[in-house]
Structure formats: C-alpha cells, structure tokens
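From first to last, the protein sequence lines stand for chains G and X.
Letter 78 of the first sequence, counting from 1, is numbered 77 in numbering that gives the first Met the number 0, and no numbers are missing.
Letter 90 of the second sequence, counting from 1, is numbered 89 in numbering that gives the first Met the number 0, and no numbers are missing.
Idealized CB from N, CA, C, for every residue including glycine.
Number of protein chains: 2
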Amino acid sequence: MRETENSVVAKEANRGNAERGGVDKGTVELRPDLLSGVSLPAAVIHEAPLAHNLAWMQRFAEAHGARLAPHGKTTMTPALFRRQLEAGAWGITLATAPQCRAAFAHGARRLLMANQLVGQANMAIVAGLLEAGADFYCVVDGVENVRQLGRFFEERGLRLVVLIELGVPGGRCGCRDQAGVEALAEAIAAEPALVLAGLEGYEGVVHGDDPAAAVSAYAQRLVEAALALESAGHFEVDEPIVTASGSAWYDLIAEAFQDASLQNRFVPVLRPGCYVVHDHGLYREAQRDVLVRRPDLQHGLEPALEVFAQVQSLPEPGLAIIALGKRDIGFDQLPVPLRRYREGGAANATLSVAGWQVTKLMDQHTFVRLPEDADDVAIGDIIAFGASHPCLTFDKWRQLLLVDETLEVRDSLSTCF
Amino acid sequence: MRETENSVVAKEANRGNAERGGVDKGTVELRPDLLSGVSLPAAVIHEAPLAHNLAWMQRFAEAHGARLAPHGKTTMTPALFRRQLEAGAWGITLATAPQCRAAFAHGARRLLMANQLVGQANMAIVAGLLEAGADFYCVVDGVENVRQLGRFFEERGLRLVVLIELGVPGGRCGCRDQAGVEALAEAIAAEPALVLAGLEGYEGVVHGDDPAAAVSAYAQRLVEAALALESAGHFEVDEPIVTASGSAWYDLIAEAFQDASLQNRFVPVLRPGCYVVHDHGLYREAQRDVLVRRPDLQHGLEPALEVFAQVQSLPEPGLAIIALGKRDIGFDQLPVPLRRYREGGAANATLSVAGWQVTKLMDQHTFVRLPEDADDVAIGDIIAFGASHPCLTFDKWRQLLLVDETLEVRDSLSTCF
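#1: So, is Asp445 (chain X) buried or exposed, given that buried needs 16 or more other C-beta atoms within 10 angstroms?
#2: Give the interface partners of Pro168 (chain G) over in chain X, defined as CB-CB distance under 8 Å, in chain order.
#3: Please report the residue range of the beta strand (DSSP E) in which Ala255 (chain G) lies.
#4: On the DSSP letters alone, give me the boundaries of the beta strand (DSSP E) that Met112 (chain X) sits inside.
#5: Would you call the region 56-73 of chain X and the region 88-104 of chain X touching, i.e. three or more CB-CB distances under 8 Å?
#6: How about His364 (chain X) and Ile320 (chain X): do their beta carbons lie closer than 9 Å?
#7: What in chain G is Cβ-close to His70 (chain X), meaning under 7 Å?
#8: Going by other Cβ atoms of all chains shown within 10 Å of its Cβ, with 16 needed for buried, is Ala62 (chain X) buried or exposed?
#9: Going by DSSP in three states, Cys99 (chain G) sits in which element: helix, strand or coil?
#10: Alpha carbon to alpha carbon, what distance is there between Ile44 (chain X) and Leu406 (chain X)?
#11: Would you please state the rounded distance, in angstroms, between the beta carbons of Ile187 (chain X) and Val204 (chain X)? I believe it to be under 8 Å.
#12: Would you list, in chain order, the members of the region 172-189 of chain X that have their beta-carbon closer than 7 Å to a beta-carbon of chain G?
#13: Give the straight-line distance between the Cα atoms of Ala348 (chain X) and Arg341 (chain X), rounded to the nearest whole angstrom.
#14: Could you tell me the distance, in whole angstroms, from the CA atom of Thr74 (chain G) to the CA atom of Phe393 (chain G)?
#15: Taking the alpha carbon of Arg283 (chain X) as the point to measure from, which residue in X:Ser246, X:Gly343, X:Ala225, X:Gly379 has its own alpha carbon closest?
#16: Do you know offhand how far Val306 (chain X)'s Cα is from Val335 (chain X)'s?
#17: Which residue wins for smallest C-alpha separation from Asp250 (chain G), given the options G:Gly232, G:Asp237, G:Pro271?
#18: Judging by CA-CA distance, which residue of G:Leu261, G:Phe416, G:Arg409, G:Ser413 is the nearest neighbour of Ala47 (chain G)?
#19: If we ignore side chains and look at the alpha-carbon of each, how far apart do Leu281 (chain X) and Ala60 (chain G) end up?
#20: Within 10 angstroms of its Cβ, does Val138 (chain G) collect 16 or more other Cβ (buried), or is it exposed?
#21: Distance check for Ile381 (chain X) and Val352 (chain X), CA to CA, integer angstroms please.
#22: So, is the C-beta of Leu419 (chain G) closer than 9 Å to a C-beta in chain X?
#23: Gly149 (chain G): which of G:Ala104, G:Arg338, G:Pro191 sits nearest, CA to CA?
#24: Could you name the residues of chain G that Ala377 (chain X) contacts, counting a contact when the two beta carbons are closer than 8 Å?
#25: Counting only beta-carbon atoms, is Asn114 (chain X) nearer than 9 Å to chain G?
#26: Between which two residues does the alpha helix (DSSP H) holding Glu61 (chain X) run?
#27: Name the DSSP bridge partner or partners of Ala42 (chain X)?
#28: Is the CB of Val402 (chain X) under 9 Å away from at least one CB in chain G?
#29: Run down chain X in chain order and give the residues with a C-beta less than 7 Å from the C-beta of Val37 (chain G).
#30: Counting only beta-carbon atoms, is Arg155 (chain G) nearer than 9 Å to chain X?
#31: Are the CB atoms of Phe265 (chain G) and Ala227 (chain G) within a distance shorter than 9 Å?
#32: Could you tell me which of X:Gln257, X:Ala231, X:Leu337, X:Leu391 sits nearest to Leu360 (chain G), measuring between CA atoms?
#33: Determine whether the Cβ of Ser312 (chain X) lies closer than 9 Å to any Cβ atom of chain G.
#34: Check whether chain X comes within 9 Å of Gly232 (chain G), counting only Cβ atoms and requiring the distance to be less than that.
#35: Just verifying my parser: in three-state terms, what is the DSSP assignment at Gly344 (chain X)?
#36: Residues of the region 351-370 of chain X in Cβ contact with chain G at a cutoff of 8 Å, in chain order, please.
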C-alpha cells in the first residue's frame, strides 16, 4: 500500500468514528513517520510477524492432517478473520453467540462456537444465523441444555448441529466420563431438531503434575470417545468433527489426532487463537515448550502485538510514569518494555530500555523503575510494550494499527467486541 | 418512559450497531420482562441508586463549598456525563486527550484533564478542542513538559491553561516538594502560551501506616502550596482552582479545603468518578470508612452497576460454570453473586445464591462452587454479579442497559472508550 492510499484509509477510519459519535483511543492522522500522527497509547500489530504466524499455523495444521478454525475471540478483528480464512482456515471458532453474529456479519460463514449455547436471546441470535445460511456448530455437555435447545430450534423449524464436549473431573465444562458422553448422545438423538456432528474438548483446563502427559492423556481420551461414538452409530453426519487445542498445547493434540489417523474418518479441527499475534508472556513460554518437544518445527511463532505509549512524567530519580494503563494492555503479567524511540525520530533509531522494570499498573498509568544510568530519558519518549496475553489486550481497543517495519501505519483494524 | 418508547430506543440502538458493522455484546430486543430479550452477559445500571448517587455527591460537594467535576474516565458514558452536569457538576474530569475529545463531542464544555498532556498528537487534539471553544485544563509537573507545551501552543497561537500537580515522594506524578512547585511556576511564567490557573493533586496514591492521617496531611500540603503560590502572585487568574479527590477519601479532601476557607479565594474542585455507580468491592469498603469518619452523612452511596450472566454448565456436583469472563466484568476482586433469577421469570422472584462462591475467572467463564444443598440450579439461570471496581467494568462494554426496579430496560447507554 502506498503512502497516499494509507492516508486515505486512516482518514476514512477516523471519519467513521466521528459519525457514530464515538472516538477511538488511537487515532491515525496523516504523518506516517514513527506513528507521530497517532495519539498514544495505541495498539500496534507488526505485519511481518503477523504474516509469518498466519502461514506458520496453517502449515502446521495441514502437515498434521488437521483443519484450522482459529479462535476468533482472541482478536474479534474481522480483518484478521479474513486473513485467516484466506490463508486456508476451515472456519472461525468463537466463544459466544454475539461473537458468532459479528463474525458472520463480516463474512465468516462456518462458525464453531466452542461453548454451550445458553439463553433464549442467544438462541435467537443463532437461529437468525442459521436462517441467514451460516454453517454453525456449538457444543453441549448436559441433558438439560440439550432439551432446551431441542425445544427452541424445533419451534423455529430449524436444525442445530452440535458437538458433545468432553471435559475432565475438576475441569471446566464438558462431560466427565464416557458414560456421560453416551447418555448425552442418546438425549441428542431424542431431539429431532438436533444433529450430533462430532466431539469437542479443550485441553487448556487440564492440569497435572506432568502437564504435557496430562494433555496427551486427555487427547487420547478424546480420540477414544470419538471412535466409540462412531462405532455406536451416534454421529448423524458422514465426516464427524473432532476438535480441541488452544495456542499452548496444539502440537500434542495434533499428534494424537494424527497418530490415530482420525483424518481418514473424521474432520480433525485445531482451534488456536493467540498464535496469530503470539505474545511476550504466557504464550511465549508455552511456545518454548512446544519447540523443545518438537525441534523439527523451525522458526516458531513470533510476537506481533505491541502497545506504544509515552513517558508522561519523570517525577523523581529512578521513576518514570508512562501514559499506559490497565485499560490499554493485558495484565496477566506486567507489560514488558521492549524498545524506546524519541518522539519525532526515526523507526530505526531505537534507544535503550535495558534495566527498565515495570513495577505497577494502574487504570491509566504504568510505573517503571529506571536503572541508575538512565539519564537520557525524555518526556514524550515512546516505549513499545509487550504483553500477556493477547485476548486481554485486543479487547481494550476499538481499533488497532497495522504497521510495517518502518512503523508506517498500513491499515487501521476495527474490532467488534 | 413507556414500554413502546423503550422498545424504539432499543431497536434504534441495535440498528446503529448493525450500520457500523460492529455488534455489541448485550443486545436489547423487544420483550421487557426480566431482560429476557437481552443477550447475556449484559452490564446493567439500576436507575434508583444511580439517581441517588448523582444527587448525593453533588449535595456533598456543595455542602462543603466545593464544585464537583466527576471523573469521566470511570464511565466514559456521555449519557452519564449529561446527568452529572444536569445535577450541577462544574465540569467533567478526564484522563487523556482522546477522552476529553469524546466528552466535548458529547456536550461537556469544561474539561479538567487530571494528567500531563504528552505527545504531539495529543497536544493537537487539545488544540482542536481549544479552537472549538472548550474550557480546558490540564496538569504539569515538570519543566521539560512545560517547555514542550509552551512551544507547541505558542506555534498554534493558543493559550493553554495548566494546573501544577503536587505529588508525594514515592507516589505517582507530581512535584515532590514546594521548591519544585515554585520552580515550575517560574517555568510556566516564562512561557507566554501557558496560563497557571491552579494546583492539582490526587490523594489515591498517598500511603502510610495510618492512611487517613496521610491523606489529611497531603490535603493540608495542597492547601499550603496553593496559598503560597497565591501569596507569591503566581496565579494568572482571579479565582485559581484547587482540586483533588477520588471516590475513597473525598471527605478528607473536602474538609481540608473547607477548613481553610478556600472557597473564598479559590475554586475548590472534587473529582470522584466511581461514586456514580459505586461498587461491591474496593469502594464499598472505602465508603464504610467514610461513614465511620462522617456519621452525619446519612444514607451513603449505593451500588448501581451489576453484570447479569447465565449458568452455562453444571458439569459435576458442586460446580457451576457461568457464561461471564474477564472480558465482561472488572476483576480487581472476584465478582460477587448477588441474586439469581429463573430465565423467563419475574424480576421479583429471586432465587438464592447463599453460599455461592466464585473461585476463578477466565476470559469467558466464571467458576462457582455451589453449596451442598444447591439442588435447584438450572442451566440458563440468571445471576446478577457485583464487581470491583467500576472503571474496569465499564470499559468492557460498548453499551450498558439502564433498568428500573422491575428490570425493564429504560435506555441503552453507549460508552466512548
């Protein structure tokens, strides 16, 4: 995209905001040098690592005979959904009915809602999606919910396609054992409006002294439960779906599905979400473990999401207050200062943040303890922060800025939380 | 508002969402009974305690000879700004330049930005507000920032009205001592584009073994610093502003200002934000302390903000998973289950949540440990949750629902984060 086009994109994005009466935190103006027309703090996605991650995970899934349905709840950014689908994704995973509606409104046709569908208003949203032609799947884990769904969709004259969720004792949702799975399959069969099309799980809530072993054992249970349902003739589709995986243990899930040759009789679906921009915390650690387990996976995921913010105050020696807060960045872990720029300077003229230590985050302020020799810090200096994890950074923003390696803004990406 | 009008409001709100391509999480449909047309989770503001709080804090400020400039960053909800101004507020306090722009766009003319103005793009936003006629104030705490502001606004041919921030050693922003305040006043005087119009502080970052004593001592320092600046002739306005106070220690600040009879020569301004909907955590505790200190303040603030969410799964005895997560509600403290309703039931037919214990919050799920005798819980049951604190609940929502005592939706309030 050339600079003039870029400016047009940015201006149009702004006009949209003004028209609807809201104002986004990060506003793009005309000057492309080092975000200098941008009101900071602003969330920034770097194009090169984004493109790398999109291709990397798609390739990973395909190499393991699986389909990819990236979890859209991470970003709720339609422009990223489009790129995931263009890269070859089978569909988009979502967490709630309103999220599914938003993704569908932006062109995602196959929607995997990896949660139970609860509440009349949410069922009505899904009914609307089905009537509009969506290829929609949700999960069930209890007879009561199955009856509620059966009644609602029968009254609407619609058929709802469901997957049974398999959980673990002490975990989150999902049937706790095979007997529960079988009983639920019977209950689904008794509801004319429901179609059983597969099995779903989420290994991210499986714990144990040896987490990798616990996840692998759970993946094995998923495989066995799927095969048992198939043997018993419970699936009402030719190629049932078997699906699991977030962005931490996707390798173990994919291997279990591949080792069982599920792809010959099922549609194995992986659902990582955070991979798309990766992070500088929880998922960076998880990725290190993946690469230890799988040294063949060269050049793994790269962090693509940062939040840029400015030094607001230097009120006493050794302390910088940054205009960045809990409303701007995820705080599972304290944000990590990555690089510093002088405002108005060039993108390749970075200044040191060696020894900079974030000590506290408030709603709109970040406290940084500076090293003793940090005598070159100026009010207005721009700090690029990394965060953990991406879901709780994306949801702070109505727009994120896509930038190239020179920090020129290439696009402004709207979210639909 | 009658039911038919209410329905129109709700439908218009939805249409606005569809037009701009985004979809809000909480969508209002036509049936007004117990939110049953509303996709949950949804954030709900109860009209009666809201109205009470609006009047209560305005009365408190006036009784102490102070003006009220409620901190708008809490809600970023223009409909609430309007009600605060209609109740008699002197202006709206905000934290950032984009927040000021949003408040101004929605009719707030007097804007007190209780932060340093940093960054060329943010200065440009403020310049635009000044040119549009805003009565704008921001704070300064360092010579470097003063020079940046002086240069920027002189080049624009504008005058920027500033207040000096007084901080505490080890605190957040602000001059650490009176010498710093005096030096800064000289620096401001040397900048033709800047007008020194008062003194600002924030007692919420003051700590000590006896917090109340520390806050009172800080309030006294504010008073003395203001008087000293006045005596030295540093203020360039007839009635300089002296301002402090969040929603925890406003009584001590107001008393210090009143005891010094500041209202005769200054404009004392209180800036609480969270009071408007209060909370079920940090501020409830703070309010108890206020009422212990000030037993004359009868019938204190009342919590007005709740998030309604539904039971999604009952996967094993004693465990309920609620469709509510970190993306829906503040989590400084774990959310508190307050009441339960059967979906489709009446607003006055509440069910028990005695012994319900939230144990964990994930992005989209809440774990509740149920008491042993909780045998009447159904999938889809609606739980009203209280939270701490309001700033980090409001910013999860693009719209909140204003409801009456029967839980009929009276209005849909848009936020502009």
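Walking through what the data contain:
#1: Outside the displayed range of chain X (0 to 416) lies residue 445 (chain X), so it cannot be described from this structure.
#2: Counting only Cβ-Cβ distances below 8 Å, Pro168 (chain G) has contacts in chain X at Glu315, in chain order.
#3: Here Ala255 (chain G) belongs to no beta strand (DSSP E); instead the alpha helix (DSSP H) covers 249-258.
#4: Looking at the DSSP string, the run of the beta strand (DSSP E) that includes Met112 (chain X) is 109-115.
#5: With the cut-off at 8 Å, the region 56-73 of chain X and the region 88-104 of chain X touch.
#6: It is a contact, given that the beta carbons lie within the stated cut-off.
#7: Here the premise fails: no neighbours, minimum Cβ distance about 10 Å.
#8: Under the 10 Å beta carbon count, Ala62 (chain X) is surrounded by fewer than 16 other beta carbons and is classified as exposed.
#9: Reduced to three states, the DSSP call for Cys99 (chain G) is helix.
#10: Straight-line spacing of the CA atoms in Leu406 (chain X) and Ile44 (chain X) works out to 10 Å.
#11: In fact, because the Cβ distance is near 23 Å, the residues do not count as touching under 8 Å.
#12: Within the region 172-189 of chain X, the qualifying residues are Cys172, Gly173, Arg175.
#13: Taking the straight line from one Cα to the other gives about 8 Å.
#14: Looking at the backbone, the Cα of Thr74 (chain G) and that of Phe393 (chain G) are separated by about 6 Å.
#15: Put simply, of X:Ser246, X:Gly343, X:Ala225, X:Gly379 the residue whose alpha carbon is nearest the alpha carbon of Arg283 (chain X) is X:Ser246.
#16: The alpha-carbon of Val306 (chain X) is positioned some 10 Å away from that of Val335 (chain X).
#17: Of the candidates G:Gly232, G:Asp237, G:Pro271, the one whose C-alpha sits nearest the C-alpha of Asp250 (chain G) is G:Pro271.
#18: The shortest C-alpha separation from Ala47 (chain G) is found at G:Arg409.
#19: Distance between the alpha carbons of Leu281 (chain X) and Ala60 (chain G) is about 46 Å.
#20: Buried: at least 16 other Cβ atoms inside 10 Å.
#21: Cα to Cα, Val352 (chain X) sits roughly 11 Å from Ile381 (chain X).
#22: Residue 419 (chain G) falls outside the range modelled here, since chain G spans only 0 to 416, and no answer is possible.
#23: The shortest Cα separation from Gly149 (chain G) among G:Ala104, G:Arg338, G:Pro191 belongs to G:Pro191.
#24: Correct list: Glu143.
#25: Taking Cβ atoms only, chain G reaches closer than 9 Å to Asn114 (chain X), which makes this a yes.
#26: Residues 46-62.
#27: According to DSSP, residue pairing for Ala42 (chain X) in a beta bridge involves X:Val306.
#28: No - not a single Cβ of chain G is within 9 Å of the one on Val402 (chain X).
#29: Those are Ala120, listed as they occur along chain X.
#30: Answer no: the Cβ-Cβ gap between Arg155 (chain G) and chain X never drops below 9 Å.
#31: Taking 9 Å as the Cβ cut-off, Ala227 (chain G) and Phe265 (chain G) do not qualify as a contacting pair.
#32: In this structure, X:Leu391 is the residue among X:Gln257, X:Ala231, X:Leu337, X:Leu391 with its C-alpha nearest to the C-alpha of Leu360 (chain G).
#33: It does: the Cβ of Ser312 (chain X) has a partner Cβ on chain G nearer than 9 Å.
#34: Taking Cβ atoms only, chain X never reaches closer than 9 Å to Gly232 (chain G), which makes this a no.
#35: Correct three-state label for Gly344 (chain X): coil.
#36: Sequence-ordered contacts of the region 351-370 of chain X with chain G read Met361, Asp362, Gln363, His364, Phe366 [C-beta pairs closer than 8 Å].
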